[in-house]
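Undergrad:
Numbering (mature numbering (1 follows the signal peptide of the UniProt record, and there is no 0)), first residue to last: -19 to -1, 1 to 94.
(1) What three-state label does DSSP hand residue 35 in the structure shown?
(2) In angstroms with no decimal places, state the Cα-to-Cα distance between residue 13 and residue 77.
(3) Given that a residue counts as buried once 16 or more other Cβ atoms are within 10 Å of its Cβ, and exposed if not, what is residue 67?
(4) Quick check: what's the CA-CA separation for residue 84 versus residue 69?
(5) Could you tell me the alpha carbon to alpha carbon distance between residue 89 and residue 71, rounded to whole angstroms?
(6) With a Cβ-Cβ cutoff of 8 angstroms, do residue 45 and residue 25 count as a contact?
(7) Does residue 28 pass the burial test, meaning 16 or more other C-beta atoms within 10 Å, or should it be called exposed?
(8) For the putative contact between residue 41 and residue 64, defined by C-beta atoms under 8 angstroms, what is the C-beta separation to the nearest angstrom?
Here it is as structure tokens:
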């Protein structure tokens, strides 16, 4: 009987620890599983176009290297992209925030060294 009580207590402890770990992940970054998703492409096209207008650059999107998303008051997308800048290929880390009405705003657009 004593072994059953210990087993139940251990199971409860494991369940509580697992729940605490899950709560810590809320708001954390999660890997974007499908980098070829049309919505990811839409976000990148928005970001590159807006960046080009604001900085008078002429970057051409090439590919998505990796991406993460974070649920906040909307969704942050943190994407590493490969672009053509003239004859050079460069990588940028782009963070775009999107609200529930699909309004998008670039929060950062930085060259990755």
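Just so it is clear, CB atoms sit at the ideal spot from N, CA and C, and this is done for glycine as well. What you are looking at is a predicted structure, and each value in this text was computed from that prediction instead of being measured.
TA: So, from the listed chains and residues:
(1) helix
(2) 14 angstroms
(3) exposed
(4) 31 angstroms
(5) 16 angstroms
(6) Yes; because the gap between Cβ atoms is below 8 angstroms, this pair is in contact.
(7) buried
(8) 6 angstroms
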